[in-house]
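Numbering (this note's numbering), first residue to last: 587 to 738. Worksheet: one structure, shown below.
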């Protein structure tokens, strides 16, 4: 039975917003984005998008609707499907979109460390290693339990 007020449904609103701004599909982004070695990403297969790995079911969609999703998966749905195959963590398209968003924000800031060519991180385990975990641990005063209160 269709939702009586679909505009109150987050998925519906995401689909509508994506359509309004002609946002790329998940498959389009997977073809467009490349990894650090300039190698195109391997997009999810139709079966992976259709079946997922414990996430939302597409069984309630009509065959035409399901085929449309398999051909052109909405970006937000595609990113969630990717995470299903990586124990809930971002990977592929989702990971790169988040990383590039942060990087572009840092590049756009007048006060960003990426503008200071002499900057060398000092928070990592040695002078050559620094990762997001090191930054997060610094922000949480080195208290891993605050960073991950739910545990593994």
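The beta-carbon is built from N, C-alpha and C at its ideal position, and this holds for glycine as well.
Status (buried if at least 16 other CB within 10 Å, exposed otherwise) for residue 660: buried
Residues of its chain near residue 724, where Cβ-Cβ distance is below 6 angstroms and the 5 sequence neighbours each way are ignored: 709
Residue 612 versus residue 692: straight-line alpha-carbon distance, rounded: 25 angstroms
Short Cβ contact (7 angstroms threshold) for residue 620 with residue 629: no
Beta-ladder partner(s) of residue 712, from DSSP: 715
Residue 729 - DSSP class collapsed to helix/strand/coil: coil
Candidates 615, 663, 727, 698, of which the one nearest residue 641 by Cα: 663
Distance CB(residue 632)-CB(residue 644) smaller than 7 angstroms: no
Cut-off 7 angstroms between Cβ atoms - residues of its own chain near residue 658, not counting five sequence neighbours on either side: 611, 613
Cβ shell of residue 700 (< 8 angstroms), same chain only, five flanking positions each side left out: 689, 692, 693
Residue 718 versus 608, 704, 733, residue with shortest Cα-Cα distance: 733
Short Cβ contact (7 angstroms threshold) for residue 668 with residue 678: yes
Boundaries of the alpha helix (DSSP H) in which residue 634 is found, first to last residue: 632-637
7 angstroms Cβ shell around residue 656 - same chain, five flanking residues per side excluded: 632, 635, 636
Straight-line Cα distance separating residue 600 from residue 673: 23 angstroms
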